[in-house]
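Start counting the sequence shown at 262; every next residue gets the next number (the working numbering). The structure appears right after this line, and notes come after that.
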Amino acid sequence: MKIIAMIPARYGATRFPGKLMQDLAGKTVIVRTYEATVKTNLFDDVYVVTDSEIIFKEIELCGGKAIMSKKEHECGSDRIAEAVEYMDVDIIVNVQGDEPFTSKEGLEKVLNVYKGNDAHKIDLASLMTEIKNWEEINDPNCVKVIVDKENFALYFSRSPIPFQRDENIIVKYYKHKGIYAFRKKALMDFYHLPKGSLEAAEKIECLRYLEDGKNIKMAISNTKGIEIDTPEDLVKANEVMRPGTVSNSSENFEFLNKKTANKMYRNFPMVPKIIFGHGCFSQLSAILNPIRKNNAPFIFLIDDVFKNNQTFIEQIELRNNDKLLFISTAEEPKTKQIDLFVDDIKSEFNHLPSGIIGIGGGSIMDIAKAVSILLTNTGNTSDYQGWDLVKNKAIYHVGIPTLSGTGSEVSRTTVLNGPERKLGINSDFTPFDQVILDPDLTIGIPKEQWFYTGMDCFIHCVESLNGTFLNTFSQSYGEKAFDLCKEIFLENSLTENDSRAKLMMASWHGGMSIAYSQVGIAHALSYGLSYVLGTKHGIGNCIVFRHLEEYYPEGVALFKQMLEKHQIDIPNDICKNLTPGQLDSMIDVALSLDPLWENALGVEWKTIMTREKIRSMYLKM
Ligand code: NAD
Ligand code: ZN
């Protein structure tokens with residue numbers, strides 16, 4: 262008999278979207294569930310069935326088996342049925358994706374019913390557990406089941422069943438648990454049957470089987486799982502996973518607690534080609550020529566600060582229908598702006614361009630990355646804001662920074678203001694194919710701008726080095742960048758040439774440091790400022806960072822010395838005249854950035870960082 266487990270996994274759960282991709286002690290919830298299921302040794306195969314490429318990739322990445330479901334499904338059983346339709350299997354057990362502590366005991370019980378003498382009568386098996394608490398018995402969210410003397414289900418209901426007219430009779434109440442072991446035929450019948458009226462009225466899937474005359478054998482199981490339904494559940498689950506926590510419900514804890522041995526490490530791309538050196542920009546044509554495709558132009562996206570700089574422009578050798586587009590960075594990049602660039606390029610040329618070359622500060626770096634992605638991915642730019650939502654490889658793209666500090670020349674993300682939030686397109690296809698680091702391009706930057714963008718690098722390092730996500734990889738890059746920043750901004754020993762070269766490398770190292778960790782509180786708060794007030798990234802970080810002594814004492818003290826040394830004024834009272842609504846949306850944007858807070862304050866950050874706390878911090882700025 263071939264027995265498999267299927268874990269239906271929807272990405273966009275209504276109550277807690279993206280919950281299956283949340284971190285649970287170093288691995289995602291879905292990977293935890295998958296591994297716990299495999300570990301029971303009860304199955305010939307274990308699959309995750311999902312509608313989400315993100316989850317699909319996540320499971321593949323950990324060496325697991327995943328299936329993309331093609332169709333929209335109303336329920337998990339349909340999703341599983343589609344996946345097993347052409348598989349040669351006998352029994353299929355569904356395991357809930359959000360139950361990372363799935364216990365062997367429960368799964369074993371539901372499978373054991375097929376070993377009994379009445380096995381031939383069973384179409385599917387499921388679990389129930391006795392409940393005694395009246396509140397639970399009366400709770401319509403708790404589905405009750407009644408059974409005959411052989412434990413075949415008679416009915417499932419959200420009402421308390423049976424109704425106890427005679428209080429002298431002892432009755433037991435059982436709660437239904439959504440774990441099933443289906444015979445393949447029963448599952449396929451379910452898939453093809455119309456919804457029954459009892460099923461529709463009670464909103465209980467398994468009534469469809471009873472209405473169709475099928476036999477559901479119930480087994481009793483008393484283990485309690487921890488379902489992850491809310492962010493609070495996740496905090497609890499993380500607590501359970503802490504090393505040293507004693508397991509009380511399943512043997513899987515023991516294996517899950519071997520945290521470091523099982524940790525899933527991120528596998529991220531780096532820029533494959535990079536040139537560094539004074540004047541290396543002159544090699545641009547030599548780099549591009551072999552990449553050029555017939556008739557397909559290179560599109561140069563250039564900060565419009567260079568528009569009237571003839572000497573600079575003459576260094577770019579244009580051929581055929583290559584195009585220069587000068588872009589204002591007076592405002593930070595927006596998803597809408599990317600949509601427009603992409604539409605223009607597509608309507609002007611019949612072919613996709615040979616490549617996109619971005620020349621400018623962090624804003625242009627991000628615009629170039631985003632445009633190159635959207636040229637090969639349909640839909641709107643905002644569809645791709647988030648982690649790993651990009652499906653197709655971007656077209657060839659080159660980054661040539663003319664301002665140092667953001668690290669965006671090396672990072673895996675592009676930061677964009679979208680209709681709902683400021684968030685990056687973070688994907689394996691985002692990083693540049695080629696970067697040209699020529700410190701001479703940063704000559705002539707106004708002092709304030711040099712400082713603000715340089716401080717972005719410094720703040721990246723402080724946030725990464727003080728974060729809970731820090732590992733040796735991040736630390737080694739972060740420390741180097743931190744030291745370079747101190748040398749550049751606090752010492753007097755460097756020539757201007759050296760200072761520019763060092764800041765360029767500090768930016769690179771700072772970017773590498775956060776590639777494997779995360780930024781923190783300054784960035785979360787600065788994103789809120791930028792979203793509501795349009796405050797630019799570098800200055801926004803500086804405005805915020807001054808007020809973060811409590812969290813980053815050493816970094817903030819050094820920052821204040823830097824401000825003093827370079828006589829930089831930071832605006833005050835910028836939140837003073839905000840309406841309550843504006844302040845609220847600022848807080849919403851800041852609070853939506855879970856990974857940043859978690860890096861800064863740990864998994865229980867929500868107990869530390871409240872709306873009120875953030876409000877009072879904004880009001881100081
Ligand atoms: P920027 O690109 O917005 O440029 C700031 C100003 O400097 C502009 O007025 C620009 O015209 C001018 N400028 C650029 N190069 C110049 C030069 N050589 N000479 C004179 N003036 C020059 O600023 P930035 O601080 O480099 O970048 C900020 C952006 O980077 C923000 O949009 C932020 O969200 C983004 N960012 C992205 C990442 C990432 O990982 N992708 C990380 C941090 C920041
Ligand atoms: Zn930054």
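Backbone N, C-alpha and C define an ideal beta-carbon position, used for all residues, glycine too.
Taking all protein chains shown into account, decide if residue i is buried (16 or more other Cβ within 10 angstroms of its Cβ) or exposed.
{"i": "isoleucine 869", "result": "exposed"}
{"i": "glycine 705", "result": "exposed"}
{"i": "tryptophan 769", "result": "buried"}
{"i": "methionine 329", "result": "exposed"}
{"i": "valine 432", "result": "exposed"}
{"i": "aspartate 305", "result": "exposed"}
{"i": "alanine 297", "result": "buried"}
{"i": "glutamine 283", "result": "buried"}
{"i": "leucine 883", "result": "Outside the shown range of the chain, which is 262 to 882, sits residue 883, and nothing can be said about it."}
{"i": "isoleucine 430", "result": "exposed"}
{"i": "arginine 426", "result": "exposed"}
{"i": "arginine 673", "result": "buried"}
{"i": "glutamate 881", "result": "Reading off the sequence, residue 881 comes out as lysine, not glutamate. Exposed."}
{"i": "serine 589", "result": "exposed"}
{"i": "serine 787", "result": "buried"}
By DSSP, does residue i sit in helix, in strand, or in coil?
{"i": "threonine 289", "result": "strand"}
{"i": "alanine 223", "result": "Here the chain covers residues 262 to 882 and nothing more, so residue 223 does not appear."}
{"i": "valine 787", "result": "Rather than valine, the amino acid found at residue 787 in this sequence is serine. If DSSP states are grouped into helix, strand and coil, serine 787 belongs with the helices."}
{"i": "glutamate 391", "result": "strand"}
{"i": "phenylalanine 610", "result": "coil"}
{"i": "valine 742", "result": "In the sequence on display, residue 742 carries alanine and not valine. Correct three-state label for alanine 742: helix."}
{"i": "alanine 861", "result": "helix"}
{"i": "lysine 708", "result": "helix"}
{"i": "alanine 557", "result": "coil"}
{"i": "methionine 214", "result": "For the chain, the structure presents residues 262 to 882; residue 214 sits outside this window and is missing."}
{"i": "asparagine 373", "result": "helix"}
{"i": "alanine 522", "result": "Residue placement at alanine 522 cannot be trusted, given a pLDDT of 35 that sits under 50; what the coordinates show is reported in the next sentence. Alanine 522: helix per DSSP, three-state reduction."}
{"i": "glutamine 779", "result": "coil"}
{"i": "glycine 728", "result": "coil"}
{"i": "serine 510", "result": "Confidence at serine 510 is low in this model, with a pLDDT of 33, below 50, so the placement of that residue should be treated as unreliable; the coordinate-derived value is given next. Coil."}
{"i": "phenylalanine 537", "result": "strand"}
{"i": "aspartate 222", "result": "In the structure displayed, the chain extends from 262 to 882; residue 222 sits before or after that span and is not available."}
{"i": "aspartate 830", "result": "coil"}
{"i": "alanine 655", "result": "coil"}
{"i": "glycine 801", "result": "helix"}
{"i": "isoleucine 963", "result": "Limits of the chain in this structure are 262 at one end and 882 at the other, which puts residue 963 out of reach."}
{"i": "aspartate 494", "result": "helix"}
{"i": "aspartate 845", "result": "helix"}
Flag this pair as yes or no: are the beta carbons of residue i and residue j separated by less than 9 angstroms?
{"i": "histidine 658", "j": "serine 633", "result": "yes"}
{"i": "threonine 675", "j": "glycine 668", "result": "no"}
{"i": "serine 665", "j": "threonine 691", "result": "no"}
{"i": "tyrosine 272", "j": "isoleucine 320", "result": "no"}
{"i": "glycine 538", "j": "aspartate 699", "result": "yes"}
{"i": "leucine 857", "j": "valine 780", "result": "yes"}
{"i": "alanine 266", "j": "asparagine 355", "result": "yes"}
{"i": "alanine 380", "j": "methionine 479", "result": "no"}
{"i": "proline 533", "j": "proline 614", "result": "no"}
{"i": "cysteine 467", "j": "tyrosine 441", "result": "yes"}
{"i": "isoleucine 656", "j": "leucine 545", "result": "no"}
{"i": "leucine 790", "j": "methionine 716", "result": "no"}
{"i": "valine 299", "j": "glycine 325", "result": "yes"}
{"i": "threonine 596", "j": "glycine 679", "result": "yes"}
{"i": "methionine 765", "j": "histidine 808", "result": "no"}
{"i": "glycine 616", "j": "isoleucine 560", "result": "yes"}
{"i": "glycine 457", "j": "arginine 469", "result": "yes"}
{"i": "threonine 642", "j": "aspartate 600", "result": "yes"}
{"i": "cysteine 718", "j": "glycine 771", "result": "yes"}
{"i": "lysine 436", "j": "isoleucine 392", "result": "yes"}
{"i": "alanine 327", "j": "threonine 311", "result": "yes"}
{"i": "isoleucine 720", "j": "histidine 784", "result": "yes"}
Complete runs of the beta strand (DSSP E) confined to the stretch 393–473 [at least 3 residues]: 405–408, 414–418, 434–444
In chain order, each beta strand (DSSP E) run of at least 3 residues that lies wholly inside the stretch 288–363: 306–311, 326–329, 352–355
Residues passing the C-beta test against the ligand MG heavy atoms, cut-off 7 angstroms: With respect to the ligand MG, the structure offers nothing, as its ligand set consists of the ligand NAD and the ligand ZN.
Whole runs of the alpha helix (DSSP H) within the stretch 575–646, excluding any shorter than 4 residues: 596–609, 623–635
In chain order, each beta strand (DSSP E) run of at least 3 residues that lies wholly inside the stretch 663–710: 676–678, 683–687, 695–698
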